[in-house]
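Residue numbers (this note's numbering), protein chains in the order written: chain A, 1 to 366; chain B, 1 to 449; chain C, 1 to 161.
Where a beta carbon is used, it is the ideal one built from N, C-alpha and C, also for glycine.
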Amino acid sequence: MAEEVKKIKVTIDNITIDVPMGTTILQAARLIGGDVVPPAMCYYSKLQGSGGKCRTCLVEVSKGSEADPRPMPKLVASCRTGVMDGMEVKNMTSPRVEDARNGVVEFLLLNHPLDCPICDQAGECHLQDLGYEHGKEGTRYEFKRRTFDKHDLGPYIQLHMTRCILCYRCVYTADQLTDKRVHGVLSRGDHSEIATHIEKSLDNNFIGNVIDVCPVGALTDKTFRFKNRVWFTKPMSAHRECKCCSGKVTLWQRGEEVLRVTARKDQWGEVEEWICNECRFEKKNTADWIIEGPTQVNRHSVISQGHYEQVVKPTETFSAVHGGRKPKLLMDIHSVSEVNDPSVDLSLINGPATGEVFNHPTKTQE
Amino acid sequence: MAKKVLLEKAHIKGIRAYDVYKAQGGYASVEKALKMDPAAIVEEVKKSGLRGRGGAGFPTGMKWSFLAKPEGVPRYLVCNADESEPGTFKDRYLMEFLPHLLIEGLIVSSFALGSNSTYIYIRGEYAWIVNILEQAIEEAKQHGYLGKNILNTGFDCEIYVQRGAGAYICGEETALIESLEGKRGNPRIKPPFPAIKGLWDCPTVVNNVETIAAVVPIINMGGEEYAKIGVGRSTGTKLLSACGNINKPGVYEIDMTISVEEFIFSDEYCGGIPNGKRLKACIPGGSSVPILPANLLLKTAKGETRYMNYESLSDGGFATGSMMGSGGFIVLDEDQCIVRHTMSLARFYRHESCGQCSPCREGTGWMEKILTKIENGKGQSSDIDLLWDIQRKIEGNTICPLGDAAAWPVAAAIRHFRDEFEWHVNNPSLCLTENYGLAHYADELSIVS
Amino acid sequence: MLKFSDDKLKEVKKIIDRYPQGKQKSALIPLLHMAQSEFGGWLSPESMDYVASLLSIDPIEVYEVATFYSMYNLQPVGKHIFEVCQTGPCMLNGSDNIINYIKTKLNIGVGETTEDGLFTLKTVECLGACGYAPMMQLGDHYREHLTKEKVDAIIEECRGK
């Protein structure tokens, strides 16, 4: 008889939920969903031992438990802290957390090259999202950013060490999916790097998954390198018969062309099922795949911009779309530009509109 | 003359050898302890009020009582001899001169905790001490204090010396355990604590060299008697390693009732400041504890005499106090530059950060760069505020205490010596050639001829 | 092909026996020390691979550890390495002057080796000899209370070896 797992109560940002004993604060927050979920750059629920390193998911425990209600003196990493019965946690509602998280984002971006315009990860980069949600404008760092010697990891995987945030996810992936890890974290402190020491290519049949787990553009798909921006490609769910893996993937297409193949990811950006290198790198024809249909993409993602099939004009109010959040930035374009002056009815203009029309809007209305 | 219980016999000729040590009453605590119930030994240590001598000052008896004892799972005692905190060299002294005292303490502690394989993790640079310890272990073994069925009690115990390879972070107990497992010295994320899941996932206690050595007098004289030495919650004696600008640098054993002023100026201890210079500042407990200007060091903010013990040194919190820490007592005279010294410590912490968590990995290097800039006359006033903000964002937000250790010296330097930082900013050409000097830091009362 | 002598291999076995069965990886740090002193004062990829094979672990596990700890040299070094401490307490006692003196005397910078391959100068962080500052590590021993005269004598001593 399976033993009944004891349920305990935890309150995060004033929302209470019952969770099984042994759940972490982060998992509990994910069960609630929405804004109470702390961002996680290194934690990966599918990788044993991951988490605790990036410090973006720090939260305040304002009440330890029903039995011991004392608050925890330090902020804790929600990904590695188990909940206790009656625990109260503050994430969005804690100014301390906001301040610490600002700091962590600044630290993570300190030596980051900000080469997003030429980075293949741009558009699906967790560090971009994190910077947008929790960062501050500008940098206070005035020194030369860190650089590394270039390191070739073989024909499939491109390493850009300068972008790496040392989440260790790729190391855990190689440890847990392959029988012999050949890359790891070398050196220490601020010059720690992902490398192989002696140049070796990563060629295990499941090593391609390190690309999917990388939260930034440090490990990208060489077969997709500079091919396209992700937001111009169209994600399609597809599958094939594969001897090694589930064969369930997302194809990233431009027109009929398959530009990239990745594993399918859940709402937290985590891989649902690991895929093999053959599926990922070698099957770039639509004929290789049975296409199921367009992949649902979160409306807030920039990727949804290039992907029209499933988009229905929202009928909800603005605040409902944003899940009750206030928009970060809402600007009236007319306050800064004279173009498209609302008093001009464009339909009444004969031929192309010129500056003349806008300078004298009354003319066309006559 | 303060009471000595650890270094009492350090100067006896040949004390390093078993025969001399034994003739001086050595290994009596093993004879006594192995007839006791292990739980009773833990109780004695609790009664003694002994606090961890590595820096954190956590009650040792309590730490021991947290050790999980699941059936059929080995338990381990690991001795932390990775002494790396700048200013601290007391464990080295103890191991060099009294290796048998450590071995004796380890046998008693291993018996109390049920550890059959005990490891001494020693910093890699102390290579010659490895030989000293291994020889002491060999001698103890020959005389039946180690090995199988010790003193016919049925208790088996082996002690092994493991050398590190150069990493301050391995002084942090979980990093030490990782290193002992043959891995990078990355601190673990806690919980679980080592008492539940430590070395090879087994329940483990990690204790500093001096803590283990103190177990010997505790067993010999009894916990209650030991607790009578010292004052309040600062029981027993403490080894202090004094260095910097003093006449008599070295390792001293104090009973925690003497004043800071006596410690610095009396001939029995540091012997005052050389060359007739005056005292400017002091870091009383190893580089990571807050630096104090002379006036706050000798007297507390309330104007009371400050004593060399846990409570008095931390009187006033971080605002006007510091910490006992590891006992690394670093004295700065009037010619020393606080900015330069802080820069040197920042470089140390950047160099020693393991690089696992982002605030420490990125923040320590950033602080070092800004301090270097200010020290070289290229700083701006806003840099001082920026430094303050960086240290604030590191402190408390990292996996292990190295983040705090890196943040505190910077915070304390700015807190107490902000005018010296500003002088650097405002006198870019002078700060390379001249010193800011003593300003108002010195305590008028402290001038001892 | 690199290989420890039979005596050293016996020592390797003794070290591995200190740990419970299956935990032989714990011997990695001691074995790297041994490899460094046996194979020319530094850890080449070959010697690290050899250590990996002795412990039946993947080479990357050795590289990760060897690059973490500051005592392992990953590049060839001189016969004698002057590792001069530059942290706070040593600095208070004039370690900078000692470092500069060695630089001029041997005509090398920090991290460099003299042309004759005899000396390498390294700066290191606190070695736990703060009361005996300034100091340096030379081989397995510390040289303390350094002065220019003492440095001269040490250089001569090394040249004589």
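Please report the distance separating the alpha-carbon of residue i from that of residue j.
i         : j         : result
ASN14(A)  : CYS164(A) : 35 Å
GLY131(A) : VAL105(A) : 6 Å
ASP383(B) : CYS54(A)  : 25 Å
SER78(A)  : GLU139(B) : 50 Å
VAL448(B) : MET256(B) : Only weak support is given to the placement of VAL448(B): the predicted model assigns it a pLDDT of 42, under 50, and the question is left unresolved by the model.
VAL205(B) : VAL78(B)  : 6 Å
THR123(C) : LYS222(A) : 41 Å
PRO300(B) : GLN391(B) : It is worth fixing the name first, because residue 300(B) is Thr in this sequence and not Pro. Computed Cα separation, rounded: 25 Å.
ASP37(B)  : GLY114(B) : 11 Å
CYS85(C)  : TYR310(B) : 29 Å
VAL106(C) : CYS158(C) : Sequence inspection shows Leu at residue 106(C); the Val mentioned does not correspond to that position. Looking at the two C-alpha atoms, the distance is approximately 13 Å.
ALA67(A)  : MET87(A)  : 9 Å
PHE206(A) : TYR172(A) : 13 Å
ILE219(B) : SER326(B) : 23 Å
SER344(B) : PRO134(C) : 14 Å
ALA112(B) : VAL73(B)  : 16 Å
TYR21(B)  : ALA214(B) : 16 Å
PHE232(A) : PHE224(A) : 13 Å
GLU167(C) : LEU138(C) : Residue 167(C) lies beyond the residue range present for chain C, which begins at 1 and ends at 161; the question has no answer from this structure.
PRO59(C)  : TYR43(A)  : 26 Å
LYS103(C) : PHE82(C)  : 11 Å
ASN97(C)  : MET91(C)  : 9 Å
GLU71(B)  : ALA195(B) : 15 Å
LEU465(B) : ARG415(B) : The structure shown does not extend to residue 465(B), since chain B is modelled only from 1 through 449, so no value can be given for it.
MET324(B) : HIS160(A) : 45 Å
Beta-carbon of residue i versus every beta-carbon of chain B: anything under 8 Å?
i         : result
LYS25(C)  : yes
MET34(C)  : no
VAL216(A) : no
ALA153(C) : no
GLU38(C)  : no
LEU108(A) : yes
Given that a residue counts as buried once 16 or more other Cβ atoms are within 10 Å of its Cβ, and exposed if not, what is residue i?
i         : result
GLU375(B) : buried
PRO203(B) : buried
TRP408(B) : buried
ALA319(B) : exposed
GLN244(A) : Here residue 244(A) is Cys; the residue named in the question, Gln, does not match the sequence. Under this definition CYS244(A) is an exposed residue.
PHE66(B)  : exposed
ASP333(B) : buried
GLN267(A) : exposed
HIS141(C) : exposed
Going by DSSP in three states, residue i sits in which element: helix, strand or coil?
i         : result
GLN158(A) : strand
SER117(B) : strand
TRP274(A) : coil
ASP82(B)  : coil
LYS248(B) : coil
ASP221(A) : strand
THR398(B) : coil
THR233(A) : coil
GLU362(B) : helix
GLY34(A)  : helix
Taking only beta-carbon atoms, is residue i less than 8 Å away from chain C?
i         : result
ARG16(B)  : no
ARG75(B)  : no
TYR436(B) : no
LEU7(B)   : no
ALA213(B) : no
Check the DSSP bridge columns for residue i and list the partner residues they point to.
i         : result
ILE12(A)  : ILE15(A) and VAL89(A)
PHE155(B) : ILE150(B)
ARG51(B)  : PRO59(B)
ILE330(B) : CYS243(B) and ILE283(B)
ILE254(B) : LYS238(B)
VAL163(B) : A quick correction: the sequence has Arg, not Val, at residue 163(B). Looking at the DSSP assignment, ARG163(B) forms a beta bridge with ILE122(B).
Does any C-beta atom of chain A lie closer than 8 Å to the C-beta of residue i?
i         : result
TRP408(B) : no
Are there any heavy atoms of the ligand ATP lying less than 7 Å away from the beta-carbon of residue i, as far as the coordinates show?
i         : result
LEU348(A) : As for the ligand ATP, it is missing from this structure, which has no ligand bound.
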